[in-house]
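S.K.: Got a structure here, written out as structure tokens. Questions coming.
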Amino acid sequence: MPIKPNLLNIDLNLLVAFDAMMVENHVSRAAARIGISQPTMSRSLQSLREIFGDVLFERTKEGIRPTPRARDLDRLIRPGLEVIERAIGQKSAFDPAFVKRRFVFAMTDMASYLVVPPVMRALRRLAPSIDIEVRNASPQKALEMAESGTVEFAVGTFDYVPSTIKTLNLQPLQEICIADEANPFLQSCVLDLDLFLSLPHVAVSMEGQHGTPIDIAIETLGYQRRIALTVPHFLAVPSAVVGTDMLAVVVESLLDRLPERSLVKRCKLPLPFEPVMGRIAWHRRFDFDAGHQWMRDLIERTIHEVLFGAPGG
């Protein structure tokens with residue numbers, strides 16, 4: 001039978017263990033996260049199961065996942081731990097030069113190409129014992145992974161962000177249209193809407209869905225472009241355009257860093273289209289995690305100073 005919970009028979013460290021499991025969904029990683037052994041974490045989970053009368057974390061084909069009861073508890077326990085953290089000084093000591101930790105990110109190949117190399121260069125200099133794992137995901141999927149606790153950071157452009165997720169703006173991403181340098185239909189790079197719509201296009205779809213922001217903008221005007229090629233990776237787009245009559249819409253800061261930049265023409269989009277905002281996102285449970293805060297600050301500084309040549313602020 002479940003133990004009737006009250007503060008006299010609950011070790012608050014069990015709640016810390018519960019929170020670590022909600023983040024990691026892995027017993028060994030959760031144990032390492034809070035500095036205890038794997039057997040101690042297993043015993044903590046058993047105690048939690050007895051207290052709350054629920055298995056809390058169950059094995060699935062995707063790995064260990066929290067039960068509905070665990071998710072309900074998390075909505076109460078995490079804010080409570082945040083209050084306690086603030087009461088005892090909020091930020092724990094965090095020395096990036098010596099701490100051992102692993103952060104998991106979800107993002108597209110484009111975001112990986114732009115963000116990961118400069119961040120890793122900074123990490124190797126400032127925090128050589130911090131490791132990074134990057135999982136390829138569309139922006140929507142990356143947000144879902146952040147919300148579920150599968151990853152600690154999502155990076156991308158997000159149309160909708162749930163209330164459990166916090167975000168930080170990195171930089172506006174300007175999109176342009178590109179064509180092969182010798183495209184016979186573009187003698188100059190003056191591109192009107194009729195010509196833009198008459199030529200075939202390359203588009204990116206990571207999960208088979210269509211309806212990018214540019215397509216939505218076109219459809220609001222009552223038009224539709226012809227997608228001659230759909231690929232799952234942004235990095236494949238410029239090389240697919242080279243040597244063909246196809247057009248593509250790409251992020252200019254990505255093109256600036258690709259070898260194909262000298263083989264294509266750059267054209268202004270022939271319709272009003274505001275830059276999209278590149279952001280990092282994380283679950284609110286990490287707001288008062290000192291290591292997570294340090295990593296957020298590092299990413300923001302790195303993107304502004306290294307990629308865009310200006311300090312953030």
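For the sequence shown, full-length UniProt numbering assigns the number 1 to the initial residue and increments by one for each residue that follows. Virtual Cβ for every residue (Gly too), placed ideally from N, Cα, C.
Using only alpha-carbon positions, find the residue among Gly-53, Lys-61, Ile-77 and Asp-297 that is nearest to Met-21.
M.R.: If we check each option's Cα against that of Met-21, Ile-77 comes out closest.
S.K.: According to DSSP, simplified to helix, strand and coil, what is Leu-229?
M.R.: Looking at Leu-229 - three-state DSSP - the assignment turns out to be strand.
S.K.: Pull up the DSSP beta-bridge partners for Pro-66, would you.
M.R.: Paired residues: Phe-57.
S.K.: Should Glu-147 go down as buried or exposed, given a rule of 16 or more other Cβ atoms within 10 Å for buried?
M.R.: Per the 10 Å Cβ criterion, buried.
S.K.: Please confirm whether Phe-103 and Glu-152 have their CB atoms less than 8 Å apart.
M.R.: The answer is yes: Cβ separation under 8 Å.
S.K.: Which residues mark the beginning and the end of the beta strand (DSSP E) in which Gly-208 is found?
M.R.: No beta strand (DSSP E) holds Gly-208; DSSP gives it neither H nor E.
S.K.: Is the beta carbon of Gly-156 sitting closer than 8 Å to the one on Thr-108?
M.R.: Closer than 8 Å, so yes.
S.K.: The alpha helix (DSSP H) that contains Ala-30, what's its start and end?
M.R.: Element bounds for Ala-30: 27 to 34.
S.K.: Do Ile-36 and Leu-170 have their CB atoms nearer than 8 Å?
M.R.: Not a contact, by the Cβ cut-off of 8 Å.
S.K.: By how many angstroms is the C-alpha of Leu-195 removed from the C-alpha of Gln-187?
M.R.: One C-alpha to the other measures close to 12 Å.
S.K.: Could you tell me if Arg-75 is buried or exposed, where buried requires 16 or more neighbouring beta carbons within 10 angstroms of its beta carbon?
M.R.: Flag for Arg-75 reads exposed.
S.K.: Judging by CA-CA distance, which residue of Val-241, Asp-245, Glu-58 and Ala-31 is the nearest neighbour of Pro-184?
M.R.: Ranking Val-241, Asp-245, Glu-58 and Ala-31 by Cα distance to Pro-184 puts Asp-245 first.
S.K.: With a floor of 3 residues, list each beta strand (DSSP E) that falls wholly inside the region 95 to 127, ordered by position along the chain.
M.R.: Qualifying beta strand (DSSP E) stretches, in chain order: 101 to 107.
S.K.: What are the start and end residues of the alpha helix (DSSP H) that includes Leu-195?
M.R.: Residues 193 to 198.
S.K.: Should the region 120 to 138 be called in touch with the region 246 to 256, which here means at least 3 C-beta pairs below 8 Å?
M.R.: Touching, no.
S.K.: Report all residues from its chain with a CB closer than 7 Å to the CB of Leu-197; omit the five preceding and five following residues, and keep chain order.
M.R.: Same-chain partners within the cutoff: Tyr-223 and Arg-225.
S.K.: To the nearest angstrom, how far is the alpha carbon of Val-204 from that of Val-16?
M.R.: Distance between the alpha carbons of Val-204 and Val-16: 41 Å.
S.K.: Return the bridge partner residues of Asn-183 from the DSSP annotation.
M.R.: BP columns for Asn-183 are empty, so no partner.
S.K.: Measure from the alpha carbon of Asp-159 to the alpha carbon of each residue in Met-277, His-26, Ala-290 and Arg-33, then state which is nearest.
M.R.: Of the listed residues, the one whose Cα sits closest to Asp-159 is Met-277.
S.K.: Alpha carbon to alpha carbon, how far is Gln-90 from Ile-84?
M.R.: In this prediction, Gln-90 has a pLDDT of 49, which is less than 50 and means its spatial position is unreliable; nothing more can be read from the coordinates.
S.K.: How far does the beta strand (DSSP E) with His-283 in it reach, from first residue to last?
M.R.: Looking at the DSSP string, the run of the beta strand (DSSP E) that includes His-283 is 276 to 283.
S.K.: Where does Lys-166 fall in DSSP's three states?
M.R.: In this structure, Lys-166 counts as strand in the three-state DSSP scheme.
S.K.: For the alpha helix (DSSP H) that contains Glu-24, what are its first and last residues?
M.R.: That run of the alpha helix (DSSP H) goes 12 to 24.
S.K.: Considering only residues of the same chain and omitting the five flanking positions on each side of Ala-240, which have a CB-CB separation below 8 Å?
M.R.: Hits under 8 Å: Val-202, Leu-229, Val-231, Met-246 and Ala-248.
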